[in-house]
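Under UniProt numbering, read the sequence shown as residues 1 to 167, first letter to last.
A quick write-up on the structure given underneath.
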Amino acid sequence: MVVLKFWLSLGLFALVLIFMFVAFLLKKRDKKKLVNCTSKTSGEVYGYEARGNGLFYPLVKFEVDGKSYKGKLVYRGIIVKAATVYGEAEVIGDKFAPTLRVKRNPRISFNPLEKEIPRGSVLDVYYNPEDPEENYVQRYVKSILSQIFFYGAVYLIIMGIFLYLVV
Numbered sequence: 001m002v003v004l005k006f007w008l009s010l011g012l013f014a015l016v017l018i019f020m021f022v023a024f025l026l027k028k029r030d031k032k033k034l035v036n037c038t039s040k041t042s043g044e045v046y047g048y049e050a051r052g053n054g055l056f057y058p059l060v061k062f063e064v065d066g067k068s069y070k071g072k073l074v075y076r077g078i079i080v081k082a083a084t085v086y087g088e089a090e091v092i093g094d095k096f097a098p099t100l101r102v103k104r105n106p107r108i109s110f111n112p113l114e115k116e117i118p119r120g121s122v123l124d125v126y127y128n129p130e131d132p133e134e135n136y137v138q139r140y141v142k143s144i145l146s147q148i149f150f151y152g153a154v155y156l157i158i159m160g161i162f163l164y165l166v167v
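This is the structure:
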């Protein structure tokens, strides 16, 4: 029983370390991009990329020193509210908020972002002057994955304490 408790504790501790390490790396990546992208320019929407839920995110092209680069407007998440069967798809609230809120028909609906941000629209692009491939469009959205891994580690610690007391 003591040997089992030792191995369970060791395995759980290793898992917590892995989760914390991944959370740290993701958080560091977020901060690095935010710190590096200090230059600002304008970009033009040239197309859309499928991202699930029947939505297509705007793709933006911009130029730095005569060379063309691409970026995309990203969202942390999408909240879809069902519309009536014949209701038109629409963005609810701020189209540049980190979480996109959309009201649309769950079966057949057009991309509401194409209506809100049509091709040819001009959006702000923030880029790294050393490497313009590193960029973000309009505003920076932090990844939620670092929080998921961090709280996953906290959950594992709590479960470890519980299992230690019970086993």
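Where is the CB? At the ideal position from N, CA and C, for every residue including glycine.
Every value quoted in this text rests on a predicted model; they were computed, and no experiment measured them.
Legend entry - Alpha-carbon spacing of E114 relative to K61, whole angstroms: As a working mapping, residue 114 is identified with position 114 in the sequence shown. As a working mapping, residue 61 is identified with position 61 in the sequence shown. Approximately 16 Å, taken between the alpha carbons.
Legend entry - Helix, strand or coil at L59 [DSSP, three-state]: Position 59 of the sequence shown, counted from the start, is the residue given in the question as residue 59. If DSSP states are grouped into helix, strand and coil, L59 belongs with the strands.
Inset, instruction - List the endpoints of the continuous alpha helix (DSSP H) containing E88. - result: For this step, residue 88 is matched to residue 88 along the sequence shown. Premise fails: E88 is in no alpha helix (DSSP H) and is neither H nor E.
Legend entry - When R29, T41 and K32 are compared against V64, the one with the closest alpha-carbon: On the sequence shown, position 64 is the one that residue 64 refers to. With distances taken between Cα atoms, V64 lies closest to T41.
Inset, instruction - In the DSSP assignment, find the unbroken alpha helix (DSSP H) run with K32 in it and report its ends. - result: Counting from one through the sequence shown, the residue named residue 32 turns up at place 32. K32 -> alpha helix (DSSP H) spans V2 to N36.
Legend entry - Cβ-Cβ distance between V122 and R104 below 8 Å: Numbered from its first residue, the sequence shown carries residue 122 at position 122. Numbered from its first residue, the sequence shown carries residue 104 at position 104. No, the Cβ-Cβ distance between V122 and R104 is not below 8 Å.
Legend entry - Rounded straight-line distance, which links the Cα of L55 to that of I117: Taking the first residue of the sequence shown as position 1, residue 117 is located at position 117. Taking the first residue of the sequence shown as position 1, residue 55 is located at position 55. If you draw a straight line from the Cα of I117 to the Cα of L55, it comes to about 13 Å.
Legend entry - Neighbourhood of V74 by C-beta distance below 7 Å, restricted to the same chain and skipping five residues each side: By one-based count along the sequence shown, residue 74 stands at place 74. The beta carbon of V74 sits closer than 7 Å to those of Y57 and V141, all from its chain and outside the five residues before and after it, given in chain order.
Inset, instruction - Please classify G11: is it buried, with 16 or more other beta-carbons within 10 angstroms of its beta-carbon, or exposed? - result: Counting from one through the sequence shown, the residue named residue 11 turns up at place 11. If you draw a 10 Å sphere on the C-beta of G11, you find fewer than 16 other C-beta atoms in it, and that means exposed.
Inset, instruction - Output the distance between the C-alpha atoms of F24 and E44, rounded to the nearest integer angstrom. - result: Residue 24 sits at position 24 when you count from the first residue of the sequence shown. Residue 44 sits at position 44 when you count from the first residue of the sequence shown. Distance between the alpha carbons of F24 and E44: 34 Å.
Inset, instruction - Along the beta strand (DSSP E) that carries S68, what are the first and last residues, could you check? - result: For the purposes of this step, residue 68 is identified with residue 68 of the sequence shown, where counting begins at 1. Annotation: the continuous beta strand (DSSP E) that includes S68 extends over K67 to K72.
Inset, instruction - Give the straight-line distance between the Cα atoms of G93 and L59, rounded to the nearest whole angstrom. - result: Your numbering for residue 93 matches position 93 in the sequence shown. Your numbering for residue 59 matches position 59 in the sequence shown. Rounded to whole angstroms, G93 to L59 spans 21 Å at the Cα level.
Legend entry - Run of the beta strand (DSSP E) containing A82, from where it starts to where it stops: Residue numbering aside, residue 82 sits at position 82 when the sequence shown is read from its first letter. Here the beta strand (DSSP E) through A82 covers G77 to A82.
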